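Note that this note's numbering has the first sequence beginning at 258, numbered continuously upward.
Ideal Cβ placement from N, Cα and C applies to all residues, glycine included.
Small disclaimer: the values here were computed from a predicted structure and weren't measured.
All remarks here apply to the structure that follows.
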Amino acid sequence: MKTQYIPKKIERKWQTIWEDEKAFAATCDYTKPKFYALVEFPYPSGQGLHVGHPRPYTALDIVARKKRMQGYNVLYPMGWDAFGLPTENYAIKNKIHPQIVTKNNVQRFKEQLQSLGYSFDWDREINTTDPDYYKWTQWIFLKLFKAGLAYKKEMPINWCTSCKVGLANEEVVNGVCERCGSEVVRKVKSEWMLKITEYADKLIEGLDGVDYIEKVKVSQKNWIGRSEGAEVDFSLKDKEDKLRVYTTRPDTLFGATYMVVSPEHPYIDKYKDEITNWDEIMAYREAAAKKSDFERTELAKDKTGVVLGGITAINPVNNKEIPIWISDYVLMTYGTGAIMAVPAHDDRDWDFAKKFNLPIIQVVEGTQGDVDVNEAAFTDVATGKLINSDFLNGLDVTDAKEKMKDFLEEKGIGNRKVNYKLRDWVFSRQRYWGEPIPIVHCEKCGYVPLDESELPLMLPEVDSYMPTDNGESPLAAMTDWVNTICPCCGGPAKRETDTMPQWAGSSWYFLRYTDPCNDEALASPEALKYWLPVDWYNGGMEHTTLHLLYSRFWHKFLYDNKIVPTSEPYQKRTSHGMILGENGEKMSKSRGNVVNPDDIVNEFGADTLRTYEMFIGAFDLSASWSNDGVKGCRRFLDRVWKLQDILTDETGYSKELETKMHQTIKKVSYDFENLKYNTAIAAMMSLINDFYKVGKVTKDEFKTLITLLNPVAPHMTEELWELCGFEGRLYNTAWPEYDEAKTVESTVEIAVQINGKTKATIAINKDDAKEVVIPKAKEAIADKLTGNVVKEIYVPGRIVNIVMK
RNA sequence: GCGGAUGUGGCGGAAUGGCAGACGCAGCAGACUCAAAAUCUGCCGGUGGUGACAUCGUGCGGGUUCAAGUCCCGCCAUCCGCACCA
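Quick look at the structure:
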C-alpha cells in the first residue's frame, strides 16, 4: 500500500487550496450557461451546526460540483439569516450585544461549514443583519408601502406571553408560540400588515409554471385556501340594514333555517337597545373572548350559542322569517362574520341545529337512494339533485349554484365572491433585533415613509433589549431616536419603534447573492437577468407556508414593479427529510440522542460524513442516524483509497468492465440530479467491488471512478488525483461521458418462466430473435414442459414466459 | 374530520409491469494474529431436503395481466401537516 487514508491530513489542505484558487467562485461572464443552486441559509444559532444541516447542503453541493464539471457557471452561495429571537434572548440573558452574539455564532457556523468542504462561493456571503444588506430590505418595504401593500391596522393579534411579541398566524402552533411553546393570547394592537392576500391568485397561478415537488404545491394551495361562492344579503325584519353572509352553497338557500353571527359582529352593538336578552348575549360574548384560540379549537366539537332576542332576518328567496344566533363557531375574520345556516347540508350547522332543536329542511336529494337529513347532514355535491327549491328543483348542485348566483345578481340581493383562508401578513414585531421599519408618524401627515436616501435606517444602540409588558418594542424607550422631524411637513414626529419579523430578510436574499456588494440597487439588472430564476432551491417542508410563500409574494411584487425579470423566484423546489436520532426519535438534548457533526468529522473525516448522509436513505424521507452506517461509509472510502494497490498503467476500460463503466457513469449522472444519491453511491460501491473481483483497475477506470465520486467525497478524490500524478485539478476536470450503446451487455442472462414462475436462466445474445430464443429456452426447461403450451412470450433482452395448461 | 406521505429480511434500504431483497449494516464461519482490533474470503428471508430442488414470501382483502412490491378497487396501521374557513 502506498499511503494510508488519513482525512485529517488532507481535508484542511484542499480546503485551503480551493480557497486560494477561488475554485468555486461564480464568474461574471454572462455569456456562459448558468446554474443557480440554492439551499436555505441557516439561522446561526448558538448550538452550532446540527447533523441535519449537511444533508441538503451536501446534496446541492453535489449538484453544483457536477454542473461546474459539465461547464456551467455555477452560483452556489451561502449566508446568514441572523436576525431573530434566540439571539436576542441570549443577549438579554448574558448581557452581550446581539451584534456580538451574531458575530460569534456566524464565525462558528462558517468554520463548521468550511470543515465540510462545501463549494460555496464565500465571496458572496451575506448577512441579513448587515446594514448594507438590510438597507435593501427596508427599501423593499418602502416600495410596498408606497404601493399601498403595507398598512397599519388595529387588530387582535396573537400575543406570545413569554416572548412578549405579536406572532403571525403561521407562527402559532397548537395554540402556543412556535418558538418558545408559551401560551398565545389575543391582544389588540396596532400592527404593520402586508397585503399578501392581494397576491393570493397570482401565488396560486404561478405554481402551474414551476417545478416544485407536488406536496409543496398542494400545501401552498391549501394554505391560501381559495373558495368560490356568493355573498347574499338577508334583510333584518323591520330594519333598513341587511345582514350579509358568505356561502359556497348558494344552491341551498331555500334550506336556510336560521342565521349565525360571530360574537364580535358589529350589529350586536348597533342593535344593543333592541336586543331583549342583552345580559345573556354579553355573558356569552365575554366567555368567547376569554377563550384562547387553543381552547376554541379544543372545544370545536361541542357547539355553543345564544339566540338574539328581538331581532330576526328574512330569507330573500322565500321571504321566510328566521332567527339569528350568535356562536363562536362563526369567525369574524373569515367571510363576513355571518352565515346562513343550512343544517340539512352542512355538518356544523347540523350539529348546531340538533343541539338547539332548530328546523332542518332538506333541499338536496341523493340520487343513490334515501337520504335522511335527520340522521346526518347530506353534503355530497357530486350526486345531489335539488328539491324544495322552487326554480332550482331538479338541477344538480353545480348547475344550481350557477343559476342561483345569476339570480342573486339579477335581483341585486347578492353577488359572486371568492374568499381565501390566507390572511394578511402581520409584519410588526415588538422586538429589538430586527430591521427598523423606515416610517415616521406625524400628527399632521400620518404615516410618512423615509426618503430612500435616508436608508439604511440604522438600528440604534439601546441600554436594554428587554421587551416591555405593555407590548412596546425596546426602541420605544430611546426618546432621542424616536423623536424626529416629519420628512413631509418638517414638524415634530415619532419614528416607528416596531421592527420587522425574521421572515423579512429571507424574503429576497437569493436576489442579493447575484450581486452582493451593489450599493446602488439590491442587485444590478444584468446580474438579475442572468442568474434568475434560481434553478434549484432545496429547503425544509416547514418553510412551505412561511418563507417560501412570503418570498414568492415579495418576488411577484418586485416583478410587477419591474425590479426583477422573472415572475417566479425559484424554478425548482425540493425538500429533504429530517435526520432522526439512532432511536428513530427527533434529535434533542433532552432525549440525549444528539449527534454533533464535528465529532464525526474528527473521527471519520468530512468525506465520510458527506457520503454517509447521502447514503442514509431516500433524500426526501426522514432517516435515523446509525453510527455503524457511518463506519460502513468510511470502509467504502478506504477501499477506494486502496484501489491504488491494484492500479495499472493501462489506459481505456478493460474488456470485462467496459459495460459496467458506462452503466455506472449513466446511473450516477442521472441519480445526482434526481435526488437519488443513495443509489448513486451504491452503484459506485458495486463498481469497486468489481475492480477487486477482477483484481486490477486501469488508469482510465480509476480516473472515471474518482471523478464520479468527487462531488460526494471531494477531498480524498482530489488527493488521489494528485497522488496518481493526473493532470491539473480534479475539480475542474470534465465530467465523464458514457456511450448509451455500451451500457448494455452483448450477451445477457435472462429468466425462463413457466406461467410466470422462473424455472431456469439462459444466456442469449441481446439481439437474438424470438425464433432463436424460444427453442433455447424450451431446451433449458425441457423436463418441465409437460402440458399444452398455450402461448410463448419473449420480451427482448428481458424474459421468456411459456404459458402452459 | 380534511390533505399529504409511508408500510419490502434482524436493521437502513434497492427494484422503466419482467429472476424481489441491489448496496450497506449487523450476524455466522474461515484466513491472518500469541491474542484482539483492523483487513481479506465465504454464507446470510421462512419452511422442507445432505443435495440439485420444491414451496411460501413485499401491511390486509379483492381485481386486471402471460407476468404485480409496482397498475385498479376496498380496508388496516404509522407518521407529518391543516383544522369550526361557511
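Counting only runs of at least 3 residues, the stretch 788-829 fully encloses the following beta strand (DSSP E) elements, listed from N- to C-terminal order: 793-795. Here tyrosine 287 is exposed, its C-beta having fewer than 16 other C-beta atoms within 10 Å. Shown here for tyrosine 408: same chain residues with a beta carbon closer than 6 Å to its own, the five before and five after excluded, namely Met450 in chain order. Non-local beta-carbon contacts of glutamine 687 in its own chain, meaning distances under 7 Å to residues more than five positions away in sequence, involve Lys421, Val422, Gly423, Pro724, Gly728, Glu729, Ser730, Asp755 in chain order.
Taking C-beta atoms as the reference points, leucine 306 and glutamine 369 count as a pair closer than 7 Å. Segment contact: the stretch 1029-1036 against the stretch 940-949, fewer than three CB-CB distances shorter than 8 Å; contact not assigned. The continuous stretches of alpha helix (DSSP H) do not include cysteine 699, which lies in the beta strand (DSSP E) extending over residues 696-699. Note on geometry: alpha-carbon atoms of proline 744 and aspartate 708 lie some 8 Å from one another.
Valine 442 sits in a strand when the DSSP states are folded into three classes. Between aspartate 338 and serine 832 a beta carbon distance of about 18 Å is seen, past the 8 Å cut, so the two are scored as non-contacting. Looking from the CA of valine 654, the closest CA among Asn645, Asp637, Glu666, Leu665 belongs to Asp637. In the DSSP assignment, glycine 567 falls within the beta strand (DSSP E) that extends over 563-571. Judged by beta-carbon spacing, tryptophan 582 lies within the 7 Å limit of valine 517, meaning their Cβ atoms are closer than that value. By a beta-carbon distance limit of 8 Å, alanine 998 does not contact arginine 867. Their separation comes to about 33 Å. Between the alpha carbons of tryptophan 275 and lysine 701 lies a gap of roughly 59 Å. Per DSSP, tryptophan 760 lies in no alpha helix (DSSP H) and is assigned neither H nor E.
Excluding residues up to 5 positions away in sequence, Asp606, Trp607, Ala610, Ile617 lie with their Cβ nearer than 6 Å to the Cβ of proline 600 in the same chain. In the three-state reduction of the DSSP assignment, alanine 407 falls in the strand class, which pools E and B. For phenylalanine 398, the closest C-alpha among the options Ile1007, Ala761, Glu497 is that of Ala761. Beta-bridge partners of alanine 595 (DSSP): Val518. Take proline 854, set aside five residues on each side of it, and the residues of its chain with a beta-carbon closer than 8 Å to its own are Leu306, His307, Val308, His310, Pro311, Gln369, Leu373, Leu866, in chain order. Glutamate 1002 and methionine 918 have their C-alpha atoms some 11 Å from each other. Non-local C-beta neighbours of leucine 785 in its own chain, meaning closer than 7 Å and more than five positions away in sequence, comprise Leu768, Thr771, Val821, Pro822, ordered along the chain. Taking the C-beta atoms as reference points, phenylalanine 861 is found no nearer than 7 Å to isoleucine 453. Listed as beta-bridge partners of glutamine 1010 by DSSP are Thr1015, Asn1058.
For methionine 871, DSSP assigns no beta-bridge partner whatsoever. By the criterion of at least three beta-carbon pairs nearer than 8 Å, the stretch 873-882 is not in contact with the stretch 980-993.
The shortest C-alpha to C-alpha distance from glycine 838 to any of Leu652, Ser847, Val852, Tyr827 is the one to Val852.
In the three-state scheme derived from DSSP, where H, G and I count as helix and E and B as strand, isoleucine 453 is classed as helix. Put simply, of Pro388, Leu342, Gln356, Tyr390 the residue whose alpha carbon is nearest the alpha carbon of arginine 436 is Leu342. Unbroken alpha helix (DSSP H) runs of no fewer than 4 residues, entirely contained in the stretch 360-415, are found at 388-403, following chain order.
Residue pairing by DSSP places arginine 752 opposite Val697 in a beta bridge. Rounded to whole angstroms, the separation of the alpha carbons of isoleucine 481 and glutamine 327 is 40 Å. In the DSSP assignment, serine 943 falls within the alpha helix (DSSP H) that extends over 934-951. By the neighbour-count criterion, in which 16 or more other beta carbons inside 10 Å mark a residue as buried, glycine 703 falls on the exposed side. Following the DSSP letters along the chain, one finds valine 296 inside the beta strand (DSSP E) bounded by residues 291-296.
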